[in-house]
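Chemist: Sending over a structure as structure tokens; questions will come in a sec.
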Amino acid sequence: MFSAHQQLPISQSSETAIHHLPDELMADIFTRLLPYRRQPGAGAWQVTTTLASVCSLWRSIALSTPSLWSMIYFNDSKACSGSQEIISTQLQRSKSRPVDLVFRLDLYGIGLANTSLTVWKIIEPHISRCHSLAFQLTTTQDFFQIFPLPGNLPFLSSFRCNVGFSGLEHYGPYLLFEGEACSTPRLRELSLSCNFRALFNMDTSTLSTLDLDSTGGGWTDVSTALIPAKNLVHLRLAISVEHWEKKPDPLEFPCLKYLLYRGGRPSNRFHAPQLRKLVFEFHSSSTTCIEADFPCLVDLAMLEPSPADMEVIIDWLKSHPNIVRLELVNPAYLAVSCLADSLVEGQLPLANSLSSTPSLPEIHQESLKSSLLLPSLCLLEITSPYPELTYSEAGIDWRPLQRARPAIRVHHYGDTFDGPLVNLTAVERVVAQSLEWGWERVDPLAPERTILTHGSD
48 MFSAHQQLPI SQSSETAIHH LPDELMADIF TRLLPYRRQP GAGAWQVTTT LASVCSLWRS
108 IALSTPSLWS MIYFNDSKAC SGSQEIISTQ LQRSKSRPVD LVFRLDLYGI GLANTSLTVW
168 KIIEPHISRC HSLAFQLTTT QDFFQIFPLP GNLPFLSSFR CNVGFSGLEH YGPYLLFEGE
228 ACSTPRLREL SLSCNFRALF NMDTSTLSTL DLDSTGGGWT DVSTALIPAK NLVHLRLAIS
288 VEHWEKKPDP LEFPCLKYLL YRGGRPSNRF HAPQLRKLVF EFHSSSTTCI EADFPCLVDL
348 AMLEPSPADM EVIIDWLKSH PNIVRLELVN PAYLAVSCLA DSLVEGQLPL ANSLSSTPSL
408 PEIHQESLKS SLLLPSLCLL EITSPYPELT YSEAGIDWRP LQRARPAIRV HHYGDTFDGP
468 LVNLTAVERV VAQSLEWGWE RVDPLAPERT ILTHGSD
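If you're matching positions, the sequence shown starts at 48 in this note's numbering and goes up one per residue.
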């Protein structure tokens, strides 16, 4: 730590033009140099200390600017003897300003270690000031030593919690907040990756992003948390029931039927009028039906869909013709084949016009009106290790889709295979040479979309 009376070398004097700027402007410049506010980390501390070490004037400005101290990051695997003093100083210098907190426990053990527990006791009285909260915990003991949090969080806009449970010996309830109804009037983003059951005391009506992941074990009962969803824009559901030796009643585990169907009664139908992006991650074959109303949905992504899942999805897509982007990651081969056939042989009539696909020749428009399942689709992305998806021999025939789509992108990762590539000008072939999935994602909704075309390679 450094102090305001610390002496600096003469070479670091204030005889430079930048020192003639007002202190308020300098403080604003320093604040803009900080890392992205929603992802605070150790880098925020490094930026602040670097700025404050340049000269006496900069140090004075840094010490008197609360926003430079409002990002608090703790990782027990990198903790040192001065961690408590550092975080206590940050909380003091940030004054009453809302803070962003990341609390990581990477060391596996029984409950919080002495240093971690001491740091948490320092932070806990200031939780009501938090603008964003992110927890990475290791065991159920960690969870019960931290939660439930105080129920009044007036500044909280983002909450993330990932708990790696050591087993299913604890069945909750895993309350996140105290009281029957917590107050989070500014909550916009909620991300849970753990074994939570009790979310019923949360007000989710203000959420715009909801990310629920139960693939790490346990099961997530969030049916009531999904309603109301009038402001929801982005929804991700990662579902798994593979850990069950004997599957329970269908209404007691988190399949899509339970989360979205809710018994089939129209009054219980999950309605998200503003939802634009939906991500399904299938880790089981539990999907039997989907009943949901997403009139504004334009972006759909699916991870590991089975052929049975794809049949359900295709039937569901008939009521969502406005989808612009469809992404499949690690799909079953038959699932992709089923989708390829359905995109050409769909029963839905085309929308009012083909304005979303202006590059199509007029001669094809009439023939496509009765054949397109998704008339607004602009980008189909498939990421798969299967060479059959990218090679024409004994693989999927993409030629019927050549006329119907501006862009079909097949990402193939893994080893490079010898053989003739699909010779389609409408297909962008992206071959990633490693398993790290290092390709660049493309936003299909951007005003300018660059479609790469290839001839016969």
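Backbone N, C-alpha and C fix where the C-beta goes; we use that ideal spot for every residue, glycine too.
#1: Considering only C-alpha positions, which residue in the set 125, 341 and 260 is nearest to residue 153?
#2: Between the C-alpha atoms of residue 115 and residue 166, what's the straight-line distance to the nearest angstrom?
#3: Where DSSP assigns a beta bridge to residue 183, which residues make up the other side?
#4: Quick check: the Cα distance between residue 328 and residue 361, rounded to an integer number of angstroms?
#5: Please report the straight-line C-alpha distance between residue 139 and residue 112, rounded to a whole angstrom.
#6: For residue 520, which beta-bridge partners are listed by DSSP?
#7: Sort 186, 171, 385 and 429 by Cα distance to residue 373 and report the nearest one.
#8: So, using beta-carbon positions, are residue 3 and residue 322 closer together than 7 Å?
#9: Rank 343, 340 and 377 by C-alpha distance to the C-alpha of residue 505 and give the top, closest one.
#10: Taking the C-alpha atoms as reference points, what is the distance between residue 341 and residue 179?
#11: So, helix, strand or coil for residue 146, using DSSP?
#12: Would a C-beta distance cut-off of 7 Å place residue 210 and residue 176 closer than the cut-off?
#13: In whole angstroms, what is the alpha-carbon distance linking residue 183 and residue 202?
#14: Using the C-alpha atoms, what's the distance from residue 100 back to residue 68?
#15: On the premise that residue 285 lies in contact with residue 250, defined as a C-beta separation below 8 Å, what is that separation, rounded to the nearest angstrom?
#16: According to DSSP, simplified to helix, strand and coil, what is residue 160?
#17: Give me whichever residues DSSP pairs with residue 380 in a beta bridge.
#18: Just the C-alpha distance for residue 169 and residue 80, rounded to the nearest angstrom, thanks.
#19: Excluding the five sequence neighbours on either side, which residues of its own chain have a C-beta within less than 6 Å of the C-beta of residue 207, listed in chain order?
#20: Would you kindly report the start and end of the unbroken beta strand (DSSP E) that includes residue 75?
#21: If we count the other Cβ atoms within 10 Å of its Cβ and call it buried at 16 or more, is residue 229 buried or exposed?
Modeler: Well, looking at it:
#1: Comparing Cα positions, the closest option is 125.
#2: Cα-Cα distance, rounded: 20 Å.
#3: Paired residue(s): 151 and 209.
#4: Whole-angstrom Cα-Cα distance: 16 Å.
#5: Going by the C-alpha atoms only, they are around 12 Å apart.
#6: This structure cannot settle anything about residue 520, because the visible part of the chain is limited to 48 through 504.
#7: Residue 373 has its Cα closest to that of 429, out of 186, 171, 385 and 429.
#8: Since the first residue of the chain shown is 48 and the last is 504, residue 3 is not available in this structure.
#9: For the chain, the structure presents residues 48 to 504; residue 505 sits outside this window and is missing.
#10: Residue 179 has its alpha-carbon roughly 28 Å from the corresponding atom of residue 341.
#11: If DSSP states are grouped into helix, strand and coil, residue 146 belongs with the strands.
#12: No; because the gap between Cβ atoms is not below 7 Å, this pair is not in contact.
#13: If you draw a straight line from the Cα of residue 183 to the Cα of residue 202, it is about 21 Å long.
#14: Each residue's alpha carbon lies about 18 Å from the other.
#15: With 8 Å as the limit, residue 250 and residue 285 do not qualify as a contact, their Cβ atoms being about 23 Å apart.
#16: Coil at residue 160, not helix or strand.
#17: Note: residue 380 is not bridge-paired with any residue in the DSSP secondary-structure output.
#18: Going by C-alpha positions, residue 169 is about 27 Å away from residue 80.
#19: Excluding sequence positions up to five before and after residue 207, its CB lies within less than 6 Å of the CB of 181 and 238, all in the same chain and listed in chain order.
#20: That residue, residue 75, is in no beta strand (DSSP E); its alpha helix (DSSP H) goes 70-79.
#21: Note on residue 229: 16 or more other CB atoms within 10 angstroms of its CB, so buried under the neighbour-count rule.
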